[in-house]
Each structure stands twice: as C-alpha cells, then as structure tokens.
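To start, the structure itself, in structure tokens.
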Amino acid sequence: MQRGIDSFFKRV
Amino acid sequence: MFEARLASTLTLKRIVDALREILNQSTLDCSDTGIQMQAMDNSHVSLVSLCLRKEYFEKYKCNRNISLGLDLKSLTKVLKCANGDDAVTIKAADKADKVELSFESAGKERTADYELRLLNLDQEHLAIPETEYNCVVHMPATEFARICRDMATFSESVVIACSKEGIKFSASGEMGAANIKLSETTKGEVSIQVDEPVALSFAGRYLSTFTRATPLAEKVKIGLAPDVPLLVEYPIEDYGYIRYYLAPKVDD
Chain E
14 MQRGIDSFFK RV
Chain U
44 MFEARLASTL TLKRIVDALR EILNQSTLDC SDTGIQMQAM DNSHVSLVSL
94 CLRKEYFEKY KCNRNISLGL DLKSLTKVLK CANGDDAVTI KAADKADKVE
144 LSFESAGKER TADYELRLLN LDQEHLAIPE TEYNCVVHMP ATEFARICRD
194 MATFSESVVI ACSKEGIKFS ASGEMGAANI KLSETTKGEV SIQVDEPVAL
244 SFAGRYLSTF TRATPLAEKV KIGLAPDVPL LVEYPIEDYG YIRYYLAPKV
294 DD
C-alpha cells in the first residue's frame with residue numbers, strides 16, 4: 014500500500 | 044521588482060527538465076535570499092523542493108517577495124527557443140501577470156525576449172522537518188539512474204536496504220528478481236554512513252522520475268530512516284539543490 018507524502022509532513 | 048540573470052541557460056533547462064515530469068505547474072517563491080519552490084506530484088506520493096540561493100545568479104534583485112505561478116510545459120517551450128550557452132534574464136514587475144525571459148547569445152549579437160503569462164495557483168506548503176537519517180549514502184548520480192532503470196525492468200516496487208556492508212536495491216516480479224549491491228569505495232565515489240540499518244520499500248516509477256535531475260549533479264545523496272520519506276538530493280553547484288521526498292510503501 015502506498016502512503017501519501019502529506020501524511021508525513023504537516024501543512025503550513 | 045524581480046530580476047535574476049544566469050550566465051548560461053543550460054542549467055535552467057536542466058532544472059526544468061528535472062521538475063516537469065513530476066509537476067505540470069508550480070509556483071516559484073522569490074525573496075531577497077533567492078528562489079524556492081515546493082510542490083507535490085498529482086498523486087501526493089512525492090514532494091520536490093528546489094532552492095537556488097541568490098549567489099547562484101550573476102545578477103539578482105528582489106525588492107519584495109514575489110510568487111511566480113508557472114506552467115512548466117510553456118516554460119519548456121520558451122527554453123527550447125534558447126541556446127544552452129545563452130545568458131538568460133528573468134524579470135517580473137510587482138503584482139505582474141506575466142514574466143519576461145530575455146536571452147542573450149554568448150557574443151551578445153542576438154537577443155530574444157519572451158513573455159509568459161503567470162498562473163494563479165493554489166499553494167499548499169508542507170513543513171519539512173530537519174531529519175536525522177540513519178543511513179546517508181552518496182553515489183555517482185549516473186550510477187543511481189542506472190540502478191533505478193534496471194530495477195524498473197523487474198518490478199513496480201523497489202526495496203532499498205542499507206547497512207554497514209553497503210546499500211542494496213532489490214526488485215522481484217513475474218519475470219524474476221534483481222539485486223544490486225554497492226559497497227563503499229576507497230576512492231570515495233560511493234560513501235555510506237550508517238547509524239542503524241534501514242530497509243524500506245518504494246514505488247520505482249517515482250525513483251525513475253527523480254533521476255531526470257541526473258545532468259545537474261555528479262553525485263546524488265540518499266537519506267533513509269525508518270518510517271519517514273526517502274530523501275534523494277541533487278546539489279546544484281554550491282548554491283542550491285533539488286530534493287525529492289518519496290513516501291515509503293507499507294505492507295498491505
């Protein structure tokens with residue numbers, strides 16, 4: 014399964 | 044007012060080539076320290092971050108922060124109109140809806156100006172934390188490109204496993220399996236620093252996309268840590284970089 018990159022880095 | 048001049052268009056062509064397969068459009072954030080860009084691919088699996096410090100440019104002026112929303116296909120078309128050894132100047136007025144690119148031939152006998160319409164893009168910014176990678180590997184960029192190409196023949200997924208013995212790339216699929224291992228070399232072409240061994244699985248097609256940056260740098264840096272995105276970094280001379288981050292795959 015592929016995780017999204019945005020689940021690792023917080024939105025600012 | 045923003046104005047930046049590069050002595051050679053070739054690096055700009057290479058930078059855009061390194062971005063355009065992963066991004067269609069992106070916003071350049073220009074400030075008095077230089078140019079930054081950050082964007083995710085459409086599927087939000089990878090993120091690319093570009094930094095060009097002002098010292099990279101022959102001339103650099105940026106009175107106030109300005110964001111330039113660019114269509115990379117259009118920019119590529121304009122760059123095709125220039126020779127690699129042309130000098131290029133990028134100019135934009137404050138609150139402009141267009142950017143101007145001027146090319147000057149090496150002998151200064153030919154100049155060409157192009158205007159590109161700017162786009163209003165929704166910007167999503169992600170905070171990338173400083174990460175202590177358990178494994179940091181430097182290797183020739185061409186070697187990394189070759190490995191990614193060879194892995195792609197075998198499988199969609201590539202396992203990168205790094206230990207003190209070396210860095211190993213593995214792929215297995217219907218056709219069979221491939222394993223490539225690099226050890227540290229005494230001449231320093233390949234350097235491997237390992238605090239703890241790490242093994243993670245990644246989508247190979249993204250790795251292949253990152254290798255579009257190969258012409259920019261002799262060496263590529265790879266950073267691995269458990270359960271964090273892979274870092275693939277191409278330095279741009281001593282004045283900047285393109286960093287790609289790729290989310291690992293997890294077991295189904």
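Chain order of the listed sequences is E and U. Taking my numbering, the leading residue of the first sequence gets 14, the next gets one more, and so forth. Taking my numbering, the leading residue of the second sequence gets 44, the next gets one more, and so forth. Don't be surprised by glycine CBs; every beta carbon is placed ideally from N, CA and C. If you're wondering where the values come from, they're calculated on a predicted model, not measured in any experiment.
Residue-chain proximity (residue i, chain E), Cβ-Cβ < 9 Å
i                     : result
residue 171 (chain U) : yes
residue 168 (chain U) : yes
residue 242 (chain U) : no
residue 61 (chain U)  : no
residue 271 (chain U) : yes
residue 193 (chain U) : no
residue 278 (chain U) : no
residue 202 (chain U) : no
residue 87 (chain U)  : yes
residue 214 (chain U) : no
residue 83 (chain U)  : yes
residue 90 (chain U)  : yes
residue 294 (chain U) : yes
residue 246 (chain U) : yes
residue 289 (chain U) : yes
Check: residue i C-beta below 8 Å from any heavy atom of the ligand COA
i                     : result
residue 289 (chain U) : This structure does not include the ligand COA; it has no bound ligands of any sort.
Cβ shell of residue i (< 7 Å), same chain only, five flanking positions each side left out
i                     : result
residue 44 (chain U)  : 104, 106, 136, 137
residue 160 (chain U) : 140, 141
residue 16 (chain E)  : none
residue 257 (chain U) : 184, 185, 188
For residue i: DSSP bridge partner residues
i                     : result
residue 220 (chain U) : U:215
residue 276 (chain U) : U:264, U:286
residue 70 (chain U)  : U:112
residue 46 (chain U)  : U:104, U:134
residue 256 (chain U) : Its beta-bridge partners do not exist; DSSP assigns none.
residue 23 (chain E)  : U:170
residue 63 (chain U)  : Note: residue 63 (chain U) sits in no beta bridge, so no partner.
residue 77 (chain U)  : U:74, U:96
residue 237 (chain U) : U:178
residue 292 (chain U) : E:15, U:244
residue 89 (chain U)  : U:289
residue 53 (chain U)  : BP columns for residue 53 (chain U) are empty, so no partner.
For residue j and residue i, believed in contact at Cβ under 8 Å, the rounded distance
i                     : j                     : result
residue 207 (chain U) : residue 237 (chain U) : 5 Å
residue 195 (chain U) : residue 231 (chain U) : About 28 Å; that fails the 8 Å criterion.
residue 251 (chain U) : residue 191 (chain U) : 5 Å
residue 198 (chain U) : residue 216 (chain U) : 4 Å
residue 62 (chain U)  : residue 115 (chain U) : 6 Å
residue 253 (chain U) : residue 292 (chain U) : Between residue 292 (chain U) and residue 253 (chain U) the Cβ distance is about 16 Å, and since that is not below 8 Å, they are no contact.
residue 66 (chain U)  : residue 82 (chain U)  : 5 Å
residue 102 (chain U) : residue 170 (chain U) : Not confirmed; about 32 Å, so no contact.
residue 52 (chain U)  : residue 125 (chain U) : 5 Å
residue 233 (chain U) : residue 181 (chain U) : 7 Å
Same chain only: Cβ atoms within 6 Å of residue i, ignoring 5 sequence neighbours per side
i                     : result
residue 148 (chain U) : 129
residue 213 (chain U) : 202, 222
residue 99 (chain U)  : 282, 283
residue 145 (chain U) : 132, 156
residue 93 (chain U)  : 80, 285
residue 177 (chain U) : 238, 239, 241, 268
residue 73 (chain U)  : 45, 105, 109
Residues near residue i by beta carbon distance below 8 Å, same chain, minus five either side
i                     : result
residue 260 (chain U) : 184, 277, 278, 279
residue 174 (chain U) : 266, 268, 271, 274
residue 219 (chain U) : 197
residue 227 (chain U) : 209, 233, 234, 235
Counting only runs of 3+ residues fully inside the stretch 135 to 214 of chain U, write out the beta strand (DSSP E) ranges in chain order. Taken in chain order, the complete beta strand (DSSP E) segments of 3 or more residues contained in the stretch 135 to 214 of chain U are 141 to 147, 154 to 160, 178 to 183, 200 to 206.
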